[in-house]
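Participant: Before anything else, here's the structure in question.
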Amino acid sequence: MMAFGGVMPDWSCEWHTESGEPFMSNVTFDKKCSLENTTEKLDCVSRKFDESMNTIVSEWDLVCDQYWIVSSITTIQMFGLLIGAFVSGHVDAQKIKIEKENFKTFVDKNLISDVSVLRKALKMMSSRVSCGYGFYAISFGVAQLSGNLYLNMALLGSHGVPSFVVCYFANCIGRKKSSFVFFLLSGITGITVGIVQFLDLSNEGALINGLALTCKLCVACGWMALIIFTSELYPTVVRNIGFGFNNTMSRVGSMIAPQLIFVSYRIPGIMFLLLGGLFIMSAFCLLLLKETNNLALKNTINDFTLPVKQNESLKTVDESETLFSEKCK
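For the sequence shown, the working numbering assigns the number 1 to the initial residue and increments by one for each residue that follows.
Okay, here's the thing in structure tokens:
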């Protein structure tokens with residue numbers, strides 16, 4: 001899935017006049033959908049794509065006024081993941097009926113009627129949308145980076161191992177602080193990339209690549225911390241469905257990402273500027289949520305509506321957890 005980035009291969013057009021005569025056949029017009037400053041109407045009779053790369057763009061001539069199809073294909077793909085994310089919260093057949101009833105009660109009696117609970121849910125959902133958008137916007141927008149395409153794809157995909165280190169920080173400084181730090185870094189680097197792209201500076205390639213890779217790593221780390229945070233916020237009776245619902249919201253962000261990549265070809269920097277804005281907004285939304293580190297998990301819906309008490313720390317931890325906590329102090 002990550003290998004599909006909607007890359008547009010290099011191509012050129014063979015231009016003919018209305019009478020069928022070749023127009024300046026000795027000149028190559030790379031990736032030109034139309035020619036300006038011509039006195040006569042010209043038609044592109046055929047396109048020649050770079051044979052070193054075979055994609056759906058070259059296979060079905062998806063350029064110029066057809067290029068929107070590429071981003072739409074990716075959005076449809078992400079919609080499939082959205083359905084899968086929602087269904088994944090209902091996997092356990094033995095608990096499905098009970099959890100559905102509990103979740104319905106949670107929505108009807110708490111999410112709708114209790115403003116404080118609704119605020120908690122909206123803050124978490126906005127953060128999940130940001131993660132889905134940011135992660136896939138950078139991944140699928142790999143063609144906007146300079147240098148070797150395949151090396152860039154490999155570097156963007158190498159975030160997995162470093163992002164797991166965030167689990168250590170989540171236990172040391174807390175889930176909320178870890179999420180906030182990585183979200184804020186994602187926002188700052190994202191806005192910086194957007195500004196550089198918009199200004200179209202000279203020798204900007206290496207700078208954009210470095211900042212985009214840093215942004216992708218911060219997004220992945222922030223998402224990992226948020227996953228831990230989310231799973232501990234919901235009470236046990238609706239945790240699976242609540243977690244699946246938040247995963248669904250992240251796929252909403254991933255559906256939006258391909259469309260912004262398409263727009264960014266016409267408005268340079270818009271994709272990263274939006275990414276940065278979303279992550280900074282989400283970072284401060286997370287500050288308004290209660291920390292869950294070293295607190296007992298809530299079991300019932302009523303527990304979820306009660307304020308978090310600092311003396312609710314876990315009373316039963318195994319030896320390994322105790323040693324780990326001591327190392328973090």
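We put the CB at the ideal spot given by N, CA and C, even for glycine. Because the structure is a prediction, the values reported are computed rather than measured.
Can you tell me the Cα-Cα spacing of H333 and G194, whole angstroms?
Facilitator: What is shown of the chain runs 1 to 329, which leaves residue 333 out entirely.
Participant: How many angstroms separate the CA atom of V263 from the CA atom of V237?
Facilitator: Distance between the alpha carbons of V263 and V237 is about 42 angstroms.
Participant: Relative to the alpha-carbon of K48, which residue among G84, S34, F183, W11 has its alpha-carbon at the smallest distance?
Facilitator: Here the closest residue by C-alpha is W11.
Participant: If we count the other Cβ atoms within 10 Å of its Cβ and call it buried at 16 or more, is I76 buried or exposed?
Facilitator: Its Cβ having fewer than 16 others within 10 Å, I76 is exposed.
Participant: Return the chain-ordered list of same chain residues with a C-beta closer than 8 angstroms to the C-beta of N299, the five sequence neighbours on each side being excluded.
Facilitator: The answer, listed in chain order, is P235, T236, V237.
Participant: Mark P22 as exposed unless 16 or more other C-beta atoms lie within 10 angstroms of its C-beta, in which case mark it buried.
Facilitator: P22 should be labelled exposed.
Participant: Could you check where the alpha helix (DSSP H) with C215 kicks off and where it finishes?
Facilitator: Segment 205-233, the alpha helix (DSSP H) holding C215.
Participant: When the Cα of G190 is compared with those of S126, T214, E232, which residue comes out closest?
Facilitator: It is T214.
Participant: So, for N64: in the same chain, excluding its five sequence neighbours on each side, which residues have a beta-carbon less than 7 angstroms away from its beta-carbon?
Facilitator: Sequence inspection shows Cys at residue 64; the Asn mentioned does not correspond to that position. Around C64: C33.
Participant: Leaving aside the five residues before and after K309 along the sequence, list all residues of the same chain whose C-beta is less than 7 angstroms from its C-beta, in chain order.
Facilitator: Its pLDDT being 48, under 50, K309 is placed unreliably by the model, and the measurement read from it follows with that caveat. Hits under 7 angstroms: none found.
Participant: Should M8 be labelled buried (16 or more other beta-carbon atoms within 10 Å of its own) or exposed?
Facilitator: Buried, by the Cβ-count rule.
Participant: Between A296, D30, E232, F243, which lies nearest to L289 when the distance is taken from Cα to Cα?
Facilitator: Cα-wise, what sits closest to L289 is E232.
Participant: Please classify A220: is it buried, with 16 or more other beta-carbons within 10 angstroms of its beta-carbon, or exposed?
Facilitator: Its Cβ being crowded by 16 or more others within 10 Å, A220 is buried.
Participant: Rounded to a whole number of angstroms, what is the C-alpha to C-alpha distance between L184 and I173?
Facilitator: Answer to the nearest angstrom: the Cα atoms are 16 angstroms apart.
Participant: Let me check understanding here. Comparing Cα to Cα, which of C13, M53, N246, A283 lies closest to I188?
Facilitator: Residue A283 is the option with its Cα nearest to I188.
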